[in-house]
Amino acid sequence: MLASIKYHQFTTPLGHTNCEVLTAEWDAAEAKYEEAVSKHEKWKAMKAKEAWAEALRLKEVARSAKLEALRQQALEKKWLRLEAEEKEQLWLEDEEKQWRLKQKELVEAMAKKVLDDLVKAKEKEDEDNEKLLAAAGFVPSSEEGDSESDPTDLKAVATAELRKRHKIAEGKKKVGSAETRKHISGAVYTGNECCGKCQTDKATCFVHGRVRTCQRCHIKKVQCTFNKGDDNGSSMESTSVLEILQDISARLACLEDKMEEDL
């Protein structure tokens, strides 16, 4: 025979009201938990967003730093290039200055040499003129004021020197004119050749260079000489000296006029 099943009635101290309260509390706890979980998720999302923003900021900072470094490097290269160009420009200017200084010194040396040569040539020319005048027996007369000129007065000394040279040139001109007149009156060429300029036949002809010039054309060319044997060379020489003396006389006269105007 089967044993009889006994049902024990378990009793609980909680009533129906207390169960509803617990259920409400449980629901409230679950709501709070869900709210906390939601807040945590939002916090995590916010932190992730902040981390992403921070990463972007750091990346931008790194990029800006790199660009700044590149800019500084470019500026440094530019400064170095400008400094090199400035040094090169200064070097070129210094080289040009030295070259100009050398050229100036060279020009001054050449000018000094030319001036010395001119002075020597002038001194030699004066000596030759004095010798020619002495040989011709011409002594230039002294003018008033030449012997009494103050040696410290440069203008007076220069004027006296110019007058002296002018007198020497005038003396040479007179001597040359006398010699020319002597040669002209002493010998005449009476050949059958025609004049080289006016084609005058059987004219009294003279020779200037290689061109025969007759007496008719010779009127305006006193420096021309006649062709007469051995006298040709001496006549041409005296003619050249006469031309030089005339040129010197004209220049000295101009210089003397200028010096007198300055005085």
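Residue numbers for the sequence shown follow my numbering, so the first one is -4 and each next one is one higher.
From the three backbone atoms N, C-alpha and C, an ideal C-beta is built for every residue, glycine too.
For residue i, which residues in the same chain have their Cβ closer than 6 Å to its Cβ, ignoring the five residues on either side in sequence?
i    : result
W74  : none
D242 : none
Are there 16 or more other CB atoms within 10 angstroms of the CB of residue i, so buried, or fewer, so exposed?
i    : result
R52  : exposed
L87  : exposed
R58  : exposed
R76  : exposed
L247 : buried
R66  : exposed
R158 : buried
Return the chain-ordered list of same chain residues with a C-beta closer than 7 Å to the C-beta of residue i, the five sequence neighbours on each side being excluded.
i    : result
E20  : none
M105 : none
If you draw a straight line from the alpha carbon of residue i to that of residue j, how long is it in whole angstroms?
i    : j    : result
L14  : K27  : Checking the sequence, you will find Cys at residue 14 rather than Leu. The alpha-carbon atoms of C14 and K27 are separated by roughly 20 Å.
K44  : A31  : 19 Å
E71  : W47  : 35 Å
E125 : K119 : 10 Å
L101 : R95  : 10 Å
E78  : D89  : 16 Å
K39  : Q68  : 42 Å
K61  : K34  : 40 Å
K99  : Q93  : 10 Å
K108 : A245 : 26 Å
K117 : L127 : 15 Å
E91  : E83  : 12 Å
E80  : V56  : 35 Å
K97  : D111 : 20 Å
T18  : K54  : 53 Å
V16  : A24  : 12 Å
K253 : D121 : 21 Å
A50  : M41  : 14 Å
Can residue i be considered in contact with the ligand ADP, in the sense that its beta carbon sits closer than 7 Å to one or more heavy atoms?
i    : result
L250 : Ligands in the displayed structure: none, and consequently the ligand ADP is not present.
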